[in-house]
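Quick note on our numbering: the sequence shown kicks off at 116 and runs consecutively.
Where a beta carbon is used, it is the ideal one built from N, C-alpha and C, also for glycine.
Heads up, the thing below is written out as structure tokens.
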Amino acid sequence: MAGECDNVGLLRSGYEIIAMSGNSYYLTTAIDYVNAAPHLGHAYEKVAADAAARFFRLIGRDVYFLSGTDEHGTKVEKTAKAKGMEPKAYVDQLVEEFKKTWEFLNISYDRFIRTTDPEHYAVVDHLWRKMLDKGDIYKASYIGQYCSGCELFLNPRDLTQDGDCPIHQVKPDPVEEENYFFKLSKYADALREKIGQDPHFVQPGFRAQEVLKML
Ligand SMILES: [Zn+2]
């Protein structure tokens, strides 16, 4: 998406607007984890994104507005198990609650994508194979402190004095797993060059600094 692409982040987190060309806007919300019923935080983001989508349509832009659900993850698996259900049956039930809520709020998305949709599988499969063929993916072992509430490996310096997750007040599980890694280092020079030349490539600007630091 080089060239005319201009990424206009309207909120610090949450949804983004990406101008794909002069008149066309692609806008997406985060796709929500479906491990519990939708709450006000979910609604806030959808309403804000919906207002932006409606504004751009009103001024004659060609808008594609996406929302959806992320249905993979340890948290979903654990919650489903605790309810004695298969993960897919569990998320199928919950997704209806999400959809009903957005219908009630009149959210005008063009597509509701689920990460269990066959189209989503097909695209992920295609990208995965492409990266594999180019040697961009490798396997390695990762050891860390995993909080399933956060769905994150936590940094030891971020834990409380008792070694708990500061948000969930529980000890994270020591997890060693073999993971797939993306060979970002292969693209580091090209990315540094691109970010250096094009100050609008990553928005907001402070995120560009974070990316550079990580590289
Ligand atoms: Zn946590």
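Every unbroken stretch of the beta strand (DSSP E) spanning 3 or more residues and falling wholly within the segment 162-186 is given here in chain order: 177-185. Remark: C-beta atoms of V191 and Y261 do not approach each other more closely than 8 Å.
In this structure, H283 has its beta carbon less than 7 Å from a heavy atom of ligand 1. Collapsing the DSSP output to three states places F213 in a helix.
Per the coordinates, the alpha-carbon of G199 lies some 33 Å from the alpha-carbon of F296. If you look at L267, you'll find it in the beta strand (DSSP E) that goes 267-269. Linking F268 to S182 through their CA atoms gives a straight-line distance of about 26 Å. At least one heavy atom of ligand 1 lies closer than 7 Å to the C-beta of G264. The beta strand (DSSP E) runs lying completely inside the segment 291-321 and spanning 3 residues or more number zero.
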